[in-house]
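Q: Residue numbering for the sequence shown is 71 to 796, as defined by this note's numbering.
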Amino acid sequence: MRASLPVVALLLAACGGSTSPSADTTDVAEIAETGQVADTSEPPDTNDTTDGDAVITPPEGATTQELIRQALADGRLDQDTALVYRVFAAFSDERLPIPYRGRSSHDSLVGAELVARYAELSPEHRAAVYPFTLPPPAAGSWWALRDSQSPWPDDAPPHLLPPPTCLAPFSERGPWIPLDSEHFRVWYSERWRADLGGQSAAAVLEALEDYLWPLLTGLMQTTPVSDAGQPCNGNDGRLDIYVLRFLGEYGSPLTMPFPTDCHQPRAAYIVLPTADDDLDALLATTAHEFLHALQFSFPVLGECMDYLGGPLWFTEGTAVWAEGYAYPSQQERLRSLLTGGMWATPFDGLSSEAATFARYRSYPFWKHLTEVHEEPDLIRQLFEALAVFPEHGDALAHVLPRGLELDFLDFAVQLLNEPPDDAWRSWLGLEGGPATSDIFPQLDGGALATSIGAMSVNAFGVRYWHIEPEDDARLFAFDNPIAEMQVPGLKLHAVRKLADGTLAAPLDWAAIDTPVLCRDDPSDDFASLYLLMTWADPKEIYGRVTAPRPGRLVVAATPCRALTGHSDVSIAMNEQVGAFSVSTEEKISASYSFTRAAIDAEGGQVAIEFVPSGSLTWSMSSSVVAASDPPFSASCPAGPVDANILHEHGTLGFVIDKDGQALWFANGRIPIGPLPWTDCFGEASTMTSEPYWLYVGDQLLPFEGAASLSGSFRRDGLDASWRFTR
């Protein structure tokens with residue numbers, strides 16, 4: 071965030087202070103006493119930190135806007151009361167209840183929102199905020215009341231905002247002192263440290279005229295709308311900036327439009343704080359507010375959403391971008407906006423209801439777009455498009471060079487801040503990346519299926535899952551509920567982090583029921599894996615989408631590309647036939663590999679089939695011995711004979727189901743013959759291929775060493791041991 075500008079906290083003379091002359095100020099006093107405007111439930115006390123039985127403890131480091139947002143989400147505040155409190159905060163009004171006094175933060179368009187919603191407010195709310203709708207020099211304005219130039223109005227504030235009446239003509243005699251340039255009038259007051267106000271005003275005027283005017287008007291190809299003809303306009307059509315020592319530790323700079331039709335270009339004025347010891351922060355804030363004044367110069371075709379003509383994440387996010395564009399040295403504030411926004415809660419999105427009070431969080435999106443495409447004029451093109459497209463999302467999609475889905479995916483990948491997309495390190499000196507849900511599969515040589523939890527994300531948000539496998543994890547499959555949904559703009563991508571620390575190109579998994587990665591395959595291998603769920607639909611600026619069920623990750627230690635090894639089978643028979651003892655020994659030795667032939671994955675169940683190749687050696691010998699007189703013996707060696715193991719004669723494979731259970735299977739024939747040989751009786755014979763079956767149980771067996779499986783070999787009713795080693 072911008073460094074805090076220390077200023078004196080002041081009490082408005084007629085705002086809960088010593089002057090409260092009318093019945094209408096009773097309503098204001100009620101706000102001060104209860105902490106809430108009338109007609110709302112369970113109002114918090116401004117002088118207490120309790121809400122009923124619950125203690126309200128502001129989170130350490132929370133901003134005023136975050137505290138108000140949370141109270142609104144919890145139901146402790148309604149929308150209109152939240153607006154009143156935001157106005158109090160922006161103007162550092164002492165009536166802001168203590169529980170909502172957090173760190174200072176920008177809320178620079180709350181004045182535009184107040185002007186737009188004023189007619190809808192109750193009389194009590196209008197009584198509380200009417201002075202803040204007026205320019206500082208106007209009769210009855212917040213400044214005039216504080217400076218004791220006029221009393222609080224006796225009559226109830228009008229339903230519609232009337233033209234303001236200036237107290238006295240502007241002059242160099244005060245109370246306002248102008249500093250003039252070709253395009254600006256920068257005013258400061260002779261009261262409340264005029265020397266400090268004069269120094270700040272002079273620095274602001276120089277920055278605006280000599281630097282920010284050519285830089286930002288050249289970028290936006292427009293100039294601020296003249297306020298000539300507007301009441302209380304500083305005596306001419308130049309843009310007026312009031313540099314005042316009124317902002318307390320929780321206040322905010324402001325750009326206030328005159329109350330005119332938001333579909334037309336609008337004139338505005340700017341209110342800035344004085345700078346005590348951080349002039350650089352004040353100048354960056356000046357760039358922010360000046361861009362707002364330029365934004366007001368663009369007409370809008372569609373609904374006046376968020377009281378400016380574009381969603382606030384357009385207007386405030388691009389204004390923060392202007393700070394960094396004009397003053398890139400202001401990295402502390404820019405870093406805090408990123409690490410406290412899209413990196414802290416990326417699933418909240420750029421435009422979610424939760425982000426309404428944190429609309430500055432969209433800054434990194436505009437930074438990414440303008441840097442990656444090297445087109446800072448994308449900001450101007452966006453506001454030009456708002457005059458052509460009635461839907462704000464369509465305006466955004468129109469200006470993005472690669473289209474909404476691809477540019478938002480690029481942004482989501484770059485937020486990971488991993489090479490080669492680690493520009494945030496050089497841009498803002500940032501290390502690390504966004505908040506992720508971390509998964510560490512522990513297999514112990516087996517397989518498992520695990521839920522990754524509910525899959526939901528807000529509009530223009532990203533949800534990240536980070537999967538960090540052990541070395542024995544070879545097969546990854548994802549039971550993907552996103553594939554069942556048909557939501558425009560909803561995407562699921564897998565991004566592999568390779569062994570050298572770089573990121574591979576994203577894999578689009580949105581329409582795949584059960585995508586599979588095999589780490590034994592160089593084209594699939596990875597050191598860790600990110601899943602990215604994004605939702606960027608031009609028709610859905612706000613809202614949330616949720617998958618119908620949790621996603622499930624299936625992981626196995628089973629080799630999934632090729633199995634290699636050696637098998638030896640020995641069969642020995644000893645039979646007594648009358649006076650003859652017959653011994654027969656048969657040996658089969660095979661060296662082979664099983665190569666993956668296919669992966670069949672559906673609904674979280676994965677089956678991989680392997681086909682064998684290699685060579686086999688068969689040999690057989692027999693002997694006959696008779697205890698006769700004379701003794702008789704004979705032997706008959708046969709082999710060794712070599713044969714090939716043919717692909718079409720066998721398959722080996724396994725199935726892993728949703729629960730991580732695995733079943734191996736094998737079938738086919740070992741082609742041993744025809745193999746000519748001569749038996750002991752001199753008769754010619756042949757031996758053809760014999761069928762085989764492999765039994766390995768109903769679950770995946772633990773590997774031993776490099777990887778081994780054991781089972782049984784059955785031939786002609788005789789069992790023998792069988793062992794496969796990878």
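Each residue gets a CB set at the ideal place from its N, CA and C atoms; glycine is no exception.
Computed from a predicted model, the values in this text were never measured in an experiment.
1) Please look up how many angstroms separate the CB atoms of residue 179 and residue 382, rounded, as I've assumed it's under 8 Å.
2) Measuring only the C-alpha atoms, how far is residue 129 from residue 472?
3) Are residue 622 and residue 666 closer than 8 Å when you measure CB to CB?
4) Using the beta-carbon count (16 or more within 10 Å), is residue 495 buried or exposed?
5) At what residues does the alpha helix (DSSP H) containing residue 213 begin and finish?
6) Taking only three categories from DSSP, how would you classify residue 104?
7) To the nearest angstrom, report how far apart residue 339 and residue 577 are at their CA atoms.
8) Along the chain, which unbroken stretches of the alpha helix (DSSP H) at least 4 residues long are found entirely within the stretch 366 to 418?
9) The beta strand (DSSP E) that contains residue 507, what's its start and end?
10) Output the distance between the C-alpha atoms of residue 171 and residue 139, rounded to the nearest integer angstrom.
11) Have a look at 193, 166, 160 and flag the residue whose alpha-carbon is nearest the alpha-carbon of residue 182.
12) Are the stretch 280 to 292 and the stretch 343 to 352 touching, with three or more C-beta to C-beta distances below 8 Å?
13) Could you say if the stretch 578 to 591 and the stretch 535 to 554 meet the contact criterion of at least three C-beta pairs nearer than 8 Å?
14) Nearest to residue 421 by alpha carbon, out of 454, 676, 462, 448?
15) What is the DSSP secondary structure of residue 270, reduced to helix, strand or coil?
16) Taking just the CA atoms, how far does residue 435 sit from residue 612?
17) Might you give, ordered along the chain, the residues of its own chain that have their beta carbon closer than 8 Å to the beta carbon of residue 273, omitting 5 neighbours on each side?
18) Mapping the DSSP letters down to three states, classify residue 672 as helix, strand or coil.
19) Check the C-beta distance from residue 817 over to residue 205 and give it rounded, since I have them as a contact under 8 Å.
20) Assuming residue 465 contacts residue 626 (C-beta within less than 8 Å), just tell me the rounded distance between them.
21) With distance defined between alpha-carbon atoms, name the residue in 431, 628, 402, 356 nearest to residue 412.
22) So what's residue 584 in DSSP terms, helix, strand or just coil?
23) My assumption, with CB atoms under 8 Å, is that residue 538 sits in contact with residue 510. Please give the rounded CB distance.
24) Between 299, 479, 163, which lies nearest to residue 330 when the distance is taken from Cα to Cα?
25) Please state if the CB of residue 468 and the CB of residue 455 are separated by a distance shorter than 8 Å.
26) Are the beta-carbon atoms of residue 371 and residue 457 separated by less than 8 Å?
27) State the Cα-Cα distance for the pair residue 680 and residue 672, rounded to the nearest angstrom.
28) Spatial neighbours of residue 575 within its chain, please: C-beta separation below 6 Å, excluding the five flanking residues on both sides.
29) So, residue 685 versus residue 661, is the Cβ gap smaller than 8 Å?
30) So does the stretch 595 to 614 actually touch the stretch 646 to 653, counting three or more Cβ pairs closer than 8 Å?
31) According to DSSP, which residues form a beta bridge with residue 355?
32) Beta-carbon within less than 6 Å of residue 388's beta-carbon, same chain only, minus the 5 sequence neighbours each way: which residues are those?
33) Determine the direct distance from the alpha carbon of residue 147 to that of residue 197, and round the result to whole angstroms.
34) Have a look at the DSSP bridge pairing and note the partners of residue 441.
35) So residue 614 is in the beta strand (DSSP E); what residue range does that whole segment cover?
36) If you count every other CB in all the chains shown that lies within 10 Å of the CB of residue 570, and 16 or more means buried, which is it?
A: Straight from the coordinates:
1) The distance from the Cβ of residue 179 to that of residue 382 is about 7 Å, consistent with a contact at the 8 Å cut-off.
2) With a pLDDT of 49 at residue 129, under the threshold of 50, the predicted position of this residue should be treated as unreliable, though the coordinate-derived value follows. If I take the Cα positions, the gap works out to 40 Å.
3) The criterion of a C-beta distance shorter than 8 Å is not satisfied by residue 622 and residue 666.
4) Exposed, by the Cβ-count rule.
5) Note, residue 213: alpha helix (DSSP H), 212 to 216.
6) Confidence at residue 104 is low in this model, with a pLDDT of 35, below 50, so the placement of that residue should be treated as unreliable; the coordinate-derived value is given next. Helix.
7) Residue 339 and residue 577: Cα-Cα distance of roughly 49 Å.
8) As far as the stretch 366 to 418 is concerned, its whole alpha helix (DSSP H) runs of at least 4 residues are 382 to 396, 401 to 409.
9) Element bounds for residue 507: 507 to 509.
10) Near 12 Å, if we compare the C-alpha coordinates of residue 139 and residue 171.
11) Taking only the C-alpha atoms, the option nearest residue 182 is 160.
12) By the criterion of at least three beta-carbon pairs nearer than 8 Å, the stretch 280 to 292 is not in contact with the stretch 343 to 352.
13) Touching, yes, given that three or more Cβ pairs across the two stretches are closer than 8 Å.
14) Minimum Cα-Cα distance from residue 421 among the listed residues 454, 676, 462, 448 corresponds to 462.
15) Helix, per DSSP.
16) Between residue 612 and residue 435, the C-alpha separation is close to 16 Å.
17) Leaving aside the five residues that flank residue 273 on each side, the residues in its chain whose CB is nearer than 8 Å to its CB run, in chain order, 345, 349, 352, 353.
18) It is a strand residue.
19) Because the chain in this structure spans residues 71 to 796, residue 817 falls outside the shown range and cannot be described.
20) That belief does not hold up - the Cβ atoms of residue 465 and residue 626 are roughly 48 Å apart, past 8 Å.
21) The shortest C-alpha separation from residue 412 is found at 431.
22) It is coil, neither helix nor strand.
23) Yes, residue 538 and residue 510 are in contact; Cβ-Cβ is about 5 Å, under 8 Å.
24) Taking only the C-alpha atoms, the option nearest residue 330 is 299.
25) Yes, these two residues count as a Cβ contact at 8 Å.
26) Less than 8 Å separates the beta-carbon of residue 371 from that of residue 457.
27) As the crow flies, the alpha-carbon of residue 680 is around 18 Å from that of residue 672.
28) Sequence-distant partners of residue 575 (beyond 5 residues in either direction) whose C-beta falls short of 6 Å from its own C-beta are missing from its chain.
29) Going by C-beta atoms, residue 685 is nearer than 8 Å to residue 661.
30) The stretch 595 to 614, when compared against the stretch 646 to 653, does not touch it at the 8 Å Cβ threshold.
31) Checking the DSSP bridge columns, you'll see residue 355 has no partner listed.
32) Contacts found: 436, 449.
33) Here the alpha carbon of residue 197 sits roughly 18 Å from the alpha carbon of residue 147.
34) DSSP, once it has assigned bridges, lists no residue as partnering residue 441.
35) Where residue 614 is concerned, the enclosing beta strand (DSSP E) stretches over 614 to 616.
36) Exposed, since its Cβ has fewer than 16 Cβ neighbours within 10 Å.
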